[in-house]
Amino acid sequence: MNIILLGPPGAGKGTQAKILVDERGMTQLSTGDMLREAKTSGSEMGNRAAEVMNRGELVSDDIVVGLIEEKLAAPHGAGFIFDGFPRTLAQADALGDLLARHGETLDAVVEMRVDDAALTRRITGRFTCANCGAVYHDETKPTAKAGVCDVCGGTTFTRRADDNEDALRQRLMEYYKKTSPLIGYYHAKGALRVVDGLAPIDAVAGAIRKVLDNS
Ligand code: ADP
Ligand code: ADP
Ligand code: ZN
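This note's numbering applies: residue 10 is where the sequence shown begins, and numbers increase by one.
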């Protein structure tokens, strides 16, 4: 089963993708994570992408479609979770073509619906374990023991360069202009399923479980 998690920055896509990886053995493909890895590797593409990302704008379709294409041939257990991809209609068309070429289907597009005020709180409170990438929140998902990662015991945490109010404003604009048309696109294909992203993490996971069991 292959699915897309669709929603604005901070909707909880990464959090839910990780739960699906643990519960179902699916494979998370996050273009945001791939781009941040390219940035850390210091490649020219990574450096160019980092500038665009820090401004809160979208990286070019060619780059992100190329990143996804590289991963589709790899073994993927119980299926792919596309997290933060596609983000434009051109990317959605490209994904359709790529899946067809690999003999794969798209089984559900889960839209996580959240309002802008909640997104600002989510983004400004987000922090990540530098060692294993586990995602936390100052208020809604703190570590069990202050300063220690629940997953790996790491004690170093990072905050994303683009998780500030200015970049977020731009990211939201990009979402509404370029990504939200995908809601209509997948609705027309009969693939769209909507969940309430404002509910607590476990409740959202339950709603997604229900959607996937009926898809
Ligand atoms: P969030 O978790 O806040 O939704 P991501 O980690 O998915 O953000 O993405 C961070 C940034 O990486 C985006 O603001 C954008 O600059 C770039 N990016 C990630 N995925 C894509 C994509 N599919 N198309 C274009 N740019 C992307
Ligand atoms: P996205 O990948 O869509 O940008 P994340 O999964 O990184 O979103 O979540 C953004 C922030 O909100 C993180 O700090 C995360 O811990 C927190 N968060 C995620 N889901 C929920 C939820 N349902 N309720 C409260 N906080 C949440
Ligand atoms: Zn960790």
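All C-beta atoms, glycine included, are put in the ideal place defined by N, C-alpha and C.
{"Item": "Which residues in the same chain as alanine 216 place their Cβ atom closer than 6 Å to its Cβ, once the five residues preceding and following it in sequence are excluded?", "Value": "Val204"}
{"Item": "With a CB to CB cut of under 8 Å and the five nearest residues on each side skipped, what residues in its chain are close to leucine 207?", "Value": "Arg122, Val123, Asp124, Ala127"}
{"Item": "Beta carbon of asparagine 11, beta carbon of phenylalanine 89: below 8 Å?", "Value": "yes"}
{"Item": "Answer yes or no: the CB of valine 144 versus the heavy atoms of ligand 3, is any distance below 7 Å?", "Value": "no"}
{"Item": "Measuring alpha carbon to alpha carbon, tell me which of Gln179, Gln37, Leu201, His85 ends up nearest glutamate 113.", "Value": "His85"}
{"Item": "Please state whether DSSP places serine 4 in a helix, a strand or coil.", "Value": "A query on residue 4 cannot be resolved here, the shown segment of the chain reaching from 10 to 224 and no further."}
{"Item": "Taking 7 Å as the cut-off, does the CB of asparagine 223 come closer than this to any heavy atom belonging to ligand 3?", "Value": "no"}
{"Item": "Let me know the secondary structure DSSP gives glutamate 120 once reduced to three states.", "Value": "strand"}
{"Item": "I think leucine 98 touches proline 190, with their Cβ atoms under 8 Å apart; what is that distance to the nearest whole Å?", "Value": "6 Å"}
{"Item": "Just to confirm the assignment, what range does the beta strand (DSSP E) spanning valine 203 have?", "Value": "201-205"}
{"Item": "Is glycine 163 closer than 8 Å to alanine 139 when the C-beta atoms are compared?", "Value": "yes"}
{"Item": "I'd like to check one pair, arginine 33 with alanine 87: are the Cβ atoms closer than 8 Å?", "Value": "yes"}
{"Item": "Between the alpha carbons of valine 73 and lysine 22, how many angstroms are there, rounded?", "Value": "17 Å"}
{"Item": "The beta strand (DSSP E) spanning leucine 15 covers which residue range?", "Value": "12-15"}
{"Item": "By DSSP, does aspartate 159 sit in helix, in strand, or in coil?", "Value": "coil"}
{"Item": "Less than 7 Å separating the Cβ of glutamate 66 from some heavy atom of ligand 1?", "Value": "yes"}
{"Item": "Who are the near neighbours of histidine 111 in its chain, counting only those whose CB is closer than 6 Å to its CB and skipping five residues on each side?", "Value": "Leu81"}
{"Item": "Kindly indicate the opening and closing residues of the alpha helix (DSSP H) around threonine 129.", "Value": "125-133"}
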